[in-house]
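Each protein sequence line maps, in turn, to chains P, E, A and G. Residues in the first sequence are numbered from 828 upward in steps of one, following the working numbering. Residues in the second sequence are numbered from 828 upward in steps of one, following the working numbering. Residues in the third sequence are numbered from 828 upward in steps of one, following the working numbering. Residues in the fourth sequence are numbered from 828 upward in steps of one, following the working numbering. In this text, a Cβ means the ideal position worked out from N, Cα and C, and glycines have one as well. Step one of this worksheet: look at the structure below.
Number of protein chains: 4
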Amino acid sequence: MKKNEVIRKVMWGDLDSLGIVFYPRYYEWIDACGHLFFDSIGLNLKRLWEERKIEFGLVETSCHYFRPGRYHQEIRITTNIDALEEKTVLLKHVMHETAQGSLLVKGFEKRICLDVSDPEEFRAVPIPPDIHAILEKAAE
Amino acid sequence: MKKNEVIRKVMWGDLDSLGIVFYPRYYEWIDACGHLFFDSIGLNLKRLWEERKIEFGLVETSCHYFRPGRYHQEIRITTNIDALEEKTVLLKHVMHETAQGSLLVKGFEKRICLDVSDPEEFRAVPIPPDIHAILEKAAE
Amino acid sequence: MKKNEVIRKVMWGDLDSLGIVFYPRYYEWIDACGHLFFDSIGLNLKRLWEERKIEFGLVETSCHYFRPGRYHQEIRITTNIDALEEKTVLLKHVMHETAQGSLLVKGFEKRICLDVSDPEEFRAVPIPPDIHAILEKAAE
Amino acid sequence: MKKNEVIRKVMWGDLDSLGIVFYPRYYEWIDACGHLFFDSIGLNLKRLWEERKIEFGLVETSCHYFRPGRYHQEIRITTNIDALEEKTVLLKHVMHETAQGSLLVKGFEKRICLDVSDPEEFRAVPIPPDIHAILEKAAE
């Protein structure tokens, strides 16, 4: 199974008043890691949009928080495909801080294949066969 | 059942390249609406922290996305308690755009009562009885 | 001289570990208040872009910080035109907290008129006469 | 003269509807690069705060924008001290995209030495001699 890893450092601006990561920041990283995962299997989401008017939009996202992230910790985010359907792909993102290896966050993004040729009205469509084949291979 | 409403306008900086709201922004609003909900029932989270060393930290969050939010739409966010346990409270946040009344997002925050008197090691504790009573009344 | 006022509450997610507003948040509000100012004089930046392929892009921004913003303070942001040239408009944004009336931040955005008909290469152009006339009137 | 370099990739969530970086994101990176610069000369801002109740707060920030940042560009941010006074230090942050070497942004942060022992009322103080000596050496 294809896994993509990203290393990120917790910065001052990621923290709240308790000195721990403000949780919407995790979703920003998860979204970025989703794009980088697609990139790592040869699917650039910007080019898919521009060249084929296809986008993988969000249906549902979620996170479980195990331990709080703290200032200047290094975090490893590992992304893989957790489920693949006709129209949707479920990405799983797991975050560990690298010093102790503690689990911080498990996050999920359920993305649906959208035809965005009409910018005012996106329409869910089956994932095109060539793209589905790439995702299947990455999910094995 | 106590419900708190917040009206918010989608701004340019909330949008992504597709011209729709970038989903981590919804979680920023949900977090803000969580704080405003606590405020509305007489529980100020900053004072709880400072005066009683109690915080309602996140265990789990999730969102379902029904329609994308767009530039300068007015959004109404309605927050209420969906479940209350010994240590946790589940907040539900529903977002509609106000012009057509369309449902955009349903979000959940499961918050756990934490003793934060040791800033390096938060500890889950039962919600103190006086605070639990306030939450019970709001949940009815 | 036309002034536009926006009221905003400082939320938990705007704060850093010191319990004061993390300064990039001020720029997010300033950008939003810039858009709302244009709206208030009948210039919707999204429509200008879509219908006339004109955008007011940023050349320079700056902020002076006088006092820190804090949790759940109400902030009044007043926006007006500080200077108008052939191609550029300088917006001034002043932030006071409303309880004591203390000055928190003075910010500036120098925006230049761009022809964005080629999405890969924006080009600075003189502000079209009808739009310049609206800005002149607002600046008086 | 000490220079610190950080490499960062422009992510989807950094972009606005025009497909270019939303400018408050540059300030988030600049703040992070300020912290990393201090780190690189042996001054950890979190420890300074916790151990000596000293913080380098913002008096003024500014950015000039030369070219827009775009999706998945790699950006090199170079930070150095541009001026050093009794109470203040001016950091300069220059951003280039690495593929063509084009200049994107020049940013400045004027930071003042604050005694934050009273969390409700920060007070500007001269930079302590040992810290001033470290900054002088880095500025040479």
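Per DSSP, GLU967 (chain P) is not a residue of any alpha helix (DSSP H), being assigned neither H nor E.
Taking ILE868 (chain A) as the centre and dropping the five residues before and after it, the same chain places the C-beta of LYS829, ILE961, ALA965 closer than 7 Å to its C-beta, in chain order.
Secondary structure of SER944 (chain P) (DSSP, three-state): coil.
Below the 7 Å Cβ cutoff, chain E contributes ASP843, SER844 as neighbours of LEU842 (chain G), in chain order. Inter-residue distance for VAL921 (chain A) and LYS914 (chain G) is about 25 Å (C-alpha atoms, whole angstroms).
For PHE883 (chain A), the pairing in a beta bridge is given by DSSP as A:CYS940.
Only residues of its own chain outside the window of five on either side were considered, and among them HIS899, GLN900, GLU901, ILE902 have a CB closer than 8 Å to the CB of LYS836 (chain A), listed in chain order. In the structure shown, the three-state DSSP call for GLU877 (chain P) is helix. Counting the other CB atoms within 10 Å of its CB gives PRO953 (chain G) a total below 16, which places it among the exposed residues. Scanning its chain for C-beta atoms nearer than 8 Å, with the 5 sequence neighbours on each side dropped, one finds around ILE847 (chain G) the residues PRO895, GLY896, ARG897, in chain order.
The C-beta distance from CYS940 (chain A) to ILE881 (chain A) rounds to 6 Å, short enough to meet the 8 Å contact threshold. Taking ALA910 (chain E) as reference, the option from E:GLY861, E:LEU863, E:GLU963 with the minimal CA-CA separation is E:GLU963.
Membership of ASP909 (chain P) in the beta strand (DSSP E) is indicated by the continuous run 901-911. With its beta carbon at least 8 Å from every one in chain A, ASP945 (chain E) lies outside the interface. A distance below 7 Å between beta-carbons, with the five flanking residues on each side excluded, links PRO956 (chain A) to no residue of its chain.
In terms of beta-carbon proximity, GLU963 (chain G) stays away from the interface with chain P, with every pair separated by 8 Å or more. The beta carbons of LYS933 (chain E) and LEU917 (chain E) sit about 12 Å from each other, so the pair does not count as a contact at 8 Å. One finds nothing in chain A with a Cβ atom closer than 9 Å to the Cβ of TRP876 (chain P); even the nearest lies about 12 Å away. Taking C-beta separations shorter than 8 Å and ignoring five residues to either side along the sequence, the partners of ASN871 (chain P) in its chain run PHE865, following chain order. Taking C-beta separations shorter than 8 Å and ignoring five residues to either side along the sequence, the partners of PHE949 (chain E) in its chain run GLU882, GLY884, LEU941, ASP942, VAL943, following chain order.
Contact check for PRO851 (chain A) against TYR854 (chain G) passes: the beta carbons are separated by less than 8 Å. Contact between TRP839 (chain G) and ASP841 (chain E) is ruled out by a C-beta separation of about 14 Å, above the 8 Å threshold. If you compare the alpha carbons of A:GLU912, A:ILE958, A:ILE904, A:PHE849 with that of VAL886 (chain G), the shortest gap goes to A:PHE849. For LEU863 (chain A), the uninterrupted alpha helix (DSSP H) segment begins and ends at 850-867. Put simply, of A:GLU832, A:LEU845, A:CYS860, A:THR888 the residue whose alpha carbon is nearest the alpha carbon of GLU877 (chain G) is A:LEU845. Here the alpha carbons of ILE904 (chain E) and TYR892 (chain A) stand approximately 32 Å from one another.
Put simply, the backbone Cα of ALA951 (chain P) is about 22 Å away from that of GLN927 (chain E).
Around the C-beta of ILE958 (chain E), 16 or more other C-beta atoms lie within 10 Å, and the residue is accordingly described as buried. The DSSP-derived three-state label of ILE958 (chain G) is helix.
In chain order, VAL833 place their CB closer than 8 Å to the CB of ALA859 (chain A), counting only its own chain and leaving out the 5 sequence neighbours on each side. For PRO851 (chain E), the nearest CB of chain G lies under 8 Å from its own CB, placing it at the interface with that chain. Chain A places no beta carbon closer than 8 Å to that of MET922 (chain E), leaving this residue out of the contacts. A Cβ of chain P is located within less than 8 Å of the beta carbon of CYS890 (chain E).
Bridge partners of SER889 (chain P) according to DSSP: P:PHE935, E:SER889.
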